[in-house]
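There are 4 protein chains.
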Amino acid sequence: MLVVMQSQATEAQVRAVCEQIESLGFRAHPIPGEGRTAIGITGNSGTVDTGSLESMPGVVECIPVSKPYKLVSRDIKSDNTIVRIPTPCGEVTFGGKAIGIVAGTCAVETREQVFAIAERIRTAGGRLFRGGAFKPRTSPYSFQGLGEEGLKILAEVRERFGLGIVTEAVDDDSLDLVEKYADVIQLGARNMQNFSLLKRAGRARKPVLLKRGLAATLDEFLMAAEYVMSEGNYQVILCERGIRTFADHTRNTLDLSVIPAVQRLSHLPIIVDPSHGTGRRNKVLPLSRAAVAVGADGLLIEVHHDPSHALSDGPQSILPDEFDRLVREARDIAAIIGRTLN
Amino acid sequence: MLVVMQSQATEAQVRAVCEQIESLGFRAHPIPGEGRTAIGITGNSGTVDTGSLESMPGVVECIPVSKPYKLVSRDIKSDNTIVRIPTPCGEVTFGGKAIGIVAGTCAVETREQVFAIAERIRTAGGRLFRGGAFKPRTSPYSFQGLGEEGLKILAEVRERFGLGIVTEAVDDDSLDLVEKYADVIQLGARNMQNFSLLKRAGRARKPVLLKRGLAATLDEFLMAAEYVMSEGNYQVILCERGIRTFADHTRNTLDLSVIPAVQRLSHLPIIVDPSHGTGRRNKVLPLSRAAVAVGADGLLIEVHHDPSHALSDGPQSILPDEFDRLVREARDIAAIIGRTLN
Amino acid sequence: MLVVMQSQATEAQVRAVCEQIESLGFRAHPIPGEGRTAIGITGNSGTVDTGSLESMPGVVECIPVSKPYKLVSRDIKSDNTIVRIPTPCGEVTFGGKAIGIVAGTCAVETREQVFAIAERIRTAGGRLFRGGAFKPRTSPYSFQGLGEEGLKILAEVRERFGLGIVTEAVDDDSLDLVEKYADVIQLGARNMQNFSLLKRAGRARKPVLLKRGLAATLDEFLMAAEYVMSEGNYQVILCERGIRTFADHTRNTLDLSVIPAVQRLSHLPIIVDPSHGTGRRNKVLPLSRAAVAVGADGLLIEVHHDPSHALSDGPQSILPDEFDRLVREARDIAAIIGRTLN
Amino acid sequence: MLVVMQSQATEAQVRAVCEQIESLGFRAHPIPGEGRTAIGITGNSGTVDTGSLESMPGVVECIPVSKPYKLVSRDIKSDNTIVRIPTPCGEVTFGGKAIGIVAGTCAVETREQVFAIAERIRTAGGRLFRGGAFKPRTSPYSFQGLGEEGLKILAEVRERFGLGIVTEAVDDDSLDLVEKYADVIQLGARNMQNFSLLKRAGRARKPVLLKRGLAATLDEFLMAAEYVMSEGNYQVILCERGIRTFADHTRNTLDLSVIPAVQRLSHLPIIVDPSHGTGRRNKVLPLSRAAVAVGADGLLIEVHHDPSHALSDGPQSILPDEFDRLVREARDIAAIIGRTLN
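Protein chains in written order, with my numbering: chain F, 167 to 508; chain Z, 167 to 508; chain L, 167 to 508; chain H, 167 to 508.
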């Protein structure tokens with residue numbers, strides 16, 4: 167924490183601020199500059215709540231310095247975490263040299279629908295299947311998913327096609343079920359700061375795929391992962407899926423710069439979901455290429471063989487043929503930056 | 167839903183889009199304009215997922231028209247909902263002529279702290295006390311609240327000072343407890359789209375105070391209330407508490423224009439939280455005045471007798487003397503627009 | 167500027183950063199904390215461009231500390247600047263105890279239209295008239311204003327009704343004309359960082375009304391005023407008119423918290439434009455009340471006697487009767503916080 | 167324009183709205199739905215200013231439908247515009263199969279500096295050099311560029327190294343000079359809605375590189391280009407350079423999804439500036455790769471041989487060696503999507 171004083175602040179005011187800092191149990195380090203004095207605060211293990219400082223005479227503002235995260239940080243662990251997902255058709259890793267692709271349908275609707283898509287994904291070389299059995303929908307009147315019924319269909323997909331299963335949990339009950347049936351527990355953007363659910367996921371024995379909230383800063387995103395890790399589950403895959411901005415040509419604004427930013431600060435893998443990130447079918451392929459080019463550790467893609475009849479998120483699902491092309495181009499771009507496809 | 171065609175779209179393209187609409191079970195209404203044709207879609211009870219339309223030759227874009235909410239809407243109920251909170255010191259209402267003020271501390275820390283603040287609030291004429299026993303904190307290492315212990319202290323506050331209690335629930339377990347101990351169940355901004363929790367609150371027998379999410383549009387905010395109401399709980403108070411923008415002079419940007427916007431579309435009461443909305447003590451008083459002046463049905467204010475030693479959100483708590491002034495000025499401004507203070 | 171080091175940064179890395187700082191001509195002040203070391207930089211009169219520091223081994227980030235503005239700051243002048251506008255019907259001030267109201271039409275269309283509105287504004291007690299002769303329009307095919315012809319009509323308004331004139335300049339040529347015909351030179355949001363125009367306005371002999379850009383931070387807004395003042399014109403009135411956010415229920419999001427924030431840092435007066443700030447007629451009155459309640463030094467309001475036939479911005483113009491009510495309520499709210507109406 | 171009525175709107179209210187629409191000179195097309203009626207408006211060549219409609223009894227809202235741009239649109243010209251820049255070392259094109267790279271320094275400081283960088287860029291295969299002689303700086307006290315002196319140095323760069331010159335104009339005077347000395351006239355993000363300057367650029371005989379404003383929607387961006395084209399200059403290159411959002415890990419949020427969105431609506435070429443778009447050296451290379459992968463028609467890159475001593479924007483300039491690598495990787499990625507490097 168750094169306290170910035172006004173340029174005309176008196177010595178007495180600076181002293182008073184230092185005394186207040188010391189009275190709160192910290193140490194004060196005044197740094198006299200040409201124009202004004204700044205006062206560094208040390209000895210604080212957590213965040214200093216310094217409303218009292220900001221209200222003192224002569225103070226301009228308080229600037230936080232320390233980052234609050236620990237376990238997610240490269241300060242603690244400098245080499246990349248590699249999350250390993252065993253699937254019947256082989257191990258998929260996130261965070262190593264190989265890029266992982268998760269593909270599938272937004273919502274599990276029927277066995278026929280899911281099987282049709284899963285078959286195409288397996289043929290294209292995919293090894294991880296996504297499908298929602300519990301759907302967080304903006305409207306209570308929209309299709310909310312098949313629940314455990316849907317999870318059972320996904321379990322059949324694993325058995326029949328050899329694909330590992332990634333699916334979302336939305337509360338404690340569904341997380342119990344997802345942990346039982348699936349290979350990766352997905353936590354959605356709207357639950358990124360559902361701290362109870364994060365803690366429950368932190369006690370799970372399966373890897374967690376954590377999506378960035380629509381208004382989450384980088385720090386908040388990493389702190390959400392910290393919640394999971396603080397309960398003992400270190401297998402966390404982060405996922406950028408678009409943030410909310412004024413721009414209206416896509417449903418969200420995909421923030422690809424967060425990929426190198428996360429990789430600089432954290433050892434956790436981070437993947438990109440261009441389907442939700444753009445909400446438009448015709449932007450999924452170009453932004454998938456861009457995600458691989460920027461250095462993402464994986465992709466999360468919605469595929470549908472008949473998107474015009476999908477019960478949710480049809481407009482952002484690509485067709486199986488487009489997915490084939492996506493895999494091909496992703497592989498070629500990965501090679502340019504010394505990476506491979508899982 | 168309205169489908170906008172390109173200006174050079176052929177008749178055949180327009181016809182194909184109309185046929186696709188009909189094949190999805192809706193009716194198509196082509197409106198030929200000077201420059202281009204638009205096609206209205208009717209017969210849809212819910213949202214049309216029209217990715218297929220947007221991908222058809224000649225289509226520029228699809229524009230949603232119908233609003234997805236029902237129970238929250240003035241379409242269903244044109245007169246204001248008045249939420250009534252019985253407290254030992256009299257009934258408090260939200261949504262009528264009288265404005266309601268909820269005041270208290272961010273977190274319940276100790277009996278002494280809470281009693282000291284509650285006494286000052288009661289003296290200032292307050293009748294509803296807020297205090298957090300379950301705290302959703304960005305960091306897992308920050309103080310997370312006293313839990314049921316805190317709720318018991320709040321129950322003592324009701325008994326001793328006659329104040330009604332407003333406190334936050336963060337998951338099903340805490341909601342069970344909050345429903346038992348408190349008078350109003352608060353749902354925080356980070357849980358505004360925690361649909362499981364919304365549904366659980368919809369089955370509660372106590373009024374719900376629902377805060378707007380940091381990135382929630384007006385429609386999403388109303389749909390969150392719709393989730394609560396769709397389960398049978400019609401006692402919902404909305405609360406604006408700041409949205410996330412690029413502006414960095416306050417912690418959030420308080421969006422006061424949402425007050426008249428909500429009041430135009432919905433019959434539910436809406437209040438303002440300038441403490442979280444600004445995150446700065448010195449902005450709470452002016453923005454409380456503004457909230458009353460804009461027509462809000464109430465205020466949610468953090469007060470602390472010793473904010474520099476508060477365990478959470480000290481920087482945005484005002485002192486009891488400032489609260490006295492706030493109540494005075496709120497009452498005077500309310501009178502100008504024909505309203506009173508509860 | 168403060169350089170934050172990684173927690174595992176070596177002593178040698180800290181020393182190297184300090185040496186680099188000194189080699190750039192500044193002084194380095196290492197502050198060793200429990201977790202990590204931060205290094206303060208002093209001796210910099212302007213901004214330090216420290217890309218080189220951020221790229222050095224062991225560095226997490228660089229945090230700017232000093233504010234770049236001088237003349238706009240309360241550091242330089244602690245008491246409020248009062249901008250005085252002489253008009254035929256008396257002096258209007260901004261920044262003192264009295265609140266100033268500027269009212270009028272978005273665009274000057276015809277003498278009849280302007281006279282009709284001006285008469286109503288004068289009757290309501292107004293003393294400053296706004297009307298655009300040069301209109302910055304998003305589309306080149308929209309009405310661009312009458313130019314000097316419009317300014318002449320405005321000059322007639324001054325003569326006939328005694329109203330002072332506020333009107334926008336969009337480039338050097340129009341600024342020459344506006345300076346000649348009007349009493350206050352308005353610079354629009356889209357030109358807030360048109361630095362050439364700001365400098366030209368800084369050489370003008372008339373007060374400047376400077377609108378906040380749609381994406382301007384508080385610092386950038388104040389720096390734009392600094393540009394005007396740095397050329398010698400100290401008569402600057404700031405104006406909040408809404409910022410661009412994701413919220414779609416108003417055209418822009420009016421950021422009323424910027425009023426107390428500006429007043430804390432700067433001695434310049436700041437007013438509010440709820441007409442552009444919301445873009446909706448039905449929100450102008452409530453947000454005008456809120457602006458006065460929050461402490462704004464004035465209002466800028468669009469009034470039109472026949473808004474459905476206005477050539478620009480009809481949807482946000484209020485009717486003369488609504489303006490009467492606005493003035494009445496503004497006066498009453500002003501009284502509550504110890505202020506008056508000009 | 168579409169007017170949406172309340173579900174309980176009476177027939178008389180619908181009729182009244184239709185009559186009002188007709189009285190404004192347009193045609194009304196009521197579309198009765200299950201829940202409510204919507205009314206289409208045709209016959210409007212420009213935008214309908216419909217504040218009067220929105221205030222009528224029974225109206226929920228007015229939704230604009232028609233796009234206001236013409237010349238920039240694929241409606242007018244379906245095949246790509248190819249902007250051709252002749253340079254001493256060969257023609258560079260934007261908008262065709264080949265991708266163009268513009269590289270250079272943010273500000274022209276000295277002949278030595280510019281020559282050193284230009285030489286490296288030429289060696290790396292570059293054919294277009296960027297350098298600022300007129301610098302729009304947030305602070306009036308920051309280095310504002312060398313002016314015509316700087317343009318003369320750039321002209322020497324063309325002569326000596328054979329590079330075409332791209333440089334920014336900030337007002338009419340500088341545009342006159344830039345048109346004389348340079349090959350491409352750059353208009354900066356802060357001037358994207360400086361309509362006077364856009365019109366002046368529209369009368370220039372050199373191609374215009376137009377940067378997206380920090381808060382510009384896609385429509386506003388295209389309308390800015392429409393201003394240039396409406397004056398007769400059809401040689402416009404668009405440039406995405408980051409938008410302003412809440413995200414704070416980069417200076418701006420680079421919105422790569424705008425590339426396919428522009429290409430869908432407009433025939434104009436669009437390039438990406440990852441240097442300003444991120445403001446961080448270590449993100450320029452990954453986001454340059456992403457820009458090529460997403461389908462951009464070119465890149466605008468800041469290179470500096472000694473960025474720690476640059477007078478402006480040092481933190482975002484890459485070193486010449488990094489630029490070599492960038493060109494190499496851009497070429498390889500371009501090949502994957504069937505494109506080449508100019």
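Note that CB positions come from ideal geometry on N, CA and C, so glycine has one too.
If you're wondering where the values come from, they're calculated on a predicted model, not measured in any experiment.
If you measure between the beta carbons of L434 of chain L and T247 of chain L, is that distance less than 7 Å?
Judged by beta-carbon spacing, T247 of chain L lies within the 7 Å limit of L434 of chain L, meaning their Cβ atoms are closer than that value.
How should D472 of chain Z be labelled, buried or exposed, when 16 other C-beta atoms within 10 angstroms of its C-beta is the threshold for buried?
Taking every protein chain shown into account, the CB of D472 of chain Z has fewer than 16 other CB atoms within 10 angstroms, so this residue is exposed.
Could you compute how far the alpha carbon of V225 of chain H sits from the alpha carbon of A299 of chain L?
Cα atoms of V225 of chain H and A299 of chain L: separation of roughly 32 Å, rounded to the nearest angstrom.
Quick one: any contact between the region 364-376 of chain H and the region 274-293 of chain L, if contact means 3 or more CB pairs under 8 Å?
Between the region 364-376 of chain H and the region 274-293 of chain L, the count of Cβ pairs shorter than 8 Å is below three; the stretches do not touch.
Between the CA atoms of M389 of chain H and T333 of chain H - distance to the nearest angstrom
Approximately 22 Å, taken between the alpha carbons.
Using 8 Å as the Cβ pair cut-off and three pairs as the minimum, do the region 432-452 of chain Z and the region 407-417 of chain Z touch?
Because the criterion of three Cβ pairs below 8 Å is met, the region 432-452 of chain Z and the region 407-417 of chain Z touch.
6 Å Cβ shell around I319 of chain Z - same chain, five flanking residues per side excluded:
The residues V274, R277 and V280, in chain order, have a CB closer than 6 Å to that of I319 of chain Z in the same chain once the five nearest residues on each side in sequence are set aside.
Taking the alpha carbon of L420 of chain Z as the reference point, which residue from Z:L453, Z:E386, Z:G464 and Z:Q310 has its own alpha carbon closest?
Of the candidates Z:L453, Z:E386, Z:G464 and Z:Q310, Z:L453 places its Cα closest to the Cα of L420 of chain Z.
DSSP has H195 of chain L in a bridge; who is on the other side?
Paired residue(s): L:G206.
Starting from Q172 of chain H, trace the beta strand (DSSP E) in both directions and tell me its first and last residue.
Unbroken run through Q172 of chain H: none, as it is neither H nor E.
Specify the secondary structure class of F260 of chain H as computed by DSSP and reduced to three states.
Note: F260 of chain H maps to strand in three-state DSSP.
Check whether the Cβ atoms of L237 of chain L and M395 of chain L lie closer than 7 Å to each other.
In this structure, M395 of chain L lies closer than 7 Å to L237 of chain L by Cβ.
Could you name the residues of the same chain whose beta carbon sits closer than 8 Å to that of R288 of chain H, not counting the 5 residues immediately before and after it, in chain order?
Leaving aside the five residues that flank R288 of chain H on each side, the residues in its chain whose CB is nearer than 8 Å to its CB run, in chain order, C255, F327, G328 and L329.
For A269 of chain F, which beta-bridge partners are listed by DSSP?
DSSP lists F:F295 and F:I467 as partners of A269 of chain F.
Taking the Cβ atom as the reference point for each residue, do D349 of chain L and I251 of chain L lie within a distance shorter than 7 Å?
Yes; because the gap between Cβ atoms is below 7 Å, this pair is in contact.
Out of Z:L219, Z:T203 and Z:S173, state which residue places its alpha-carbon closest to the alpha-carbon of E188 of chain Z.
When only C-alpha atoms are compared, the closest one is Z:L219.
Closest Cβ-Cβ distance between G261 of chain Z and chain L: below 7 Å?
No, because no Cβ of chain L sits closer than 7 Å to the Cβ of G261 of chain Z.
Is any beta-carbon of chain F found at less than 7 Å from that of R455 of chain H?
Yes, because at least one Cβ of chain F sits closer than 7 Å to the Cβ of R455 of chain H.
Bounding residues of the alpha helix (DSSP H) (the contiguous stretch that carries R491 of chain H):
Unbroken alpha helix (DSSP H) run through R491 of chain H: P486 to I502.
Report the rounded CA-to-CA distance for Q179 of chain F versus H470 of chain L, giving the unit in angstroms.
So the alpha carbons of these two residues sit roughly 52 Å apart.
Step through the CB atoms of chain H and report whether any lies within less than 7 Å of the CB of N360 of chain L.
Yes, its Cβ sits closer than 7 Å to a Cβ of chain H.
Taking the C-alpha atoms as reference points, what is the distance between K365 of chain L and E257 of chain L?
Taking the straight line from one Cα to the other gives about 27 Å.
Do you know how far the Cα of D463 of chain Z is from the Cα of V424 of chain Z?
For V424 of chain Z and D463 of chain Z, the distance between alpha carbons rounds to 12 Å.
Can you name, in chain order, every residue of its own chain whose Cβ lies under 8 Å from the Cβ of I265 of chain Z, other than the five neighbours on each side?
Cβ-Cβ distances below 8 Å link I265 of chain Z to V458, A462, D463, G464, L465, A496, A500, R505, T506, L507 and N508 in the same chain, with the five nearest sequence neighbours on each side left out; the list follows chain order.
Partner residues on chain H for E495 of chain F, Cβ-Cβ distance less than 9 Å:
Going along chain H in sequence order, the residues near E495 of chain F (Cβ under 9 Å) are A459, I502 and I503.
Fully enclosed by the region 271-339 of chain Z, which alpha helix (DSSP H) runs are 4 residues long or longer?
Listed in chain order, the complete alpha helix (DSSP H) runs (minimum 4 residues) inside the region 271-339 of chain Z are 277-289 and 314-327.
Helix, strand or coil: how does DSSP classify I242 of chain Z here?
Residue state, collapsed to three classes: coil.
Could you tell me the alpha carbon to alpha carbon distance between P223 of chain F and F192 of chain F, rounded to whole angstroms?
Taking the straight line from one Cα to the other gives about 20 Å.
With a cut-off of 8 Å on the beta carbons, I'd call T383 of chain Z and F361 of chain L a contact; round off their distance for me.
Going by Cβ atoms, the distance from T383 of chain Z to F361 of chain L rounds to 35 Å, so no, they are not a contact pair.
By the criterion of Cβ-Cβ separation under 8 Å, what are the contact partners of T411 of chain Z in chain H?
Chain H residues near T411 of chain Z: F412.
May I ask which residues mark the beginning and end of the alpha helix (DSSP H) holding K449 of chain Z?
Per DSSP, K449 of chain Z belongs to the alpha helix (DSSP H) from R447 to V460.
Within a Cβ cutoff of 6 Å, which residues of the same chain sit near L341 of chain F, ignoring the five residues on either side of it in sequence?
Around L341 of chain F: A335 and R366.
Going straight from the alpha carbon of S244 of chain H to that of I205 of chain Z, what length do you get?
C-alpha separation (whole angstroms): 23 Å.
Determine the DSSP secondary structure at I248 of chain L, reduced to helix, strand or coil.
For I248 of chain L, the secondary structure class from DSSP, reduced to helix, strand or coil, is coil.
Would you decide whether D439 of chain L is buried or exposed? Buried here means 16 or more other CB atoms lie within 10 Å of its CB.
By the beta-carbon neighbour count (other beta carbons within 10 angstroms, threshold 16), D439 of chain L is buried.
Could you give the DSSP three-state label for Q352 of chain Z: helix, strand or coil?
Annotated three-state conformation of Q352 of chain Z is strand, per DSSP.
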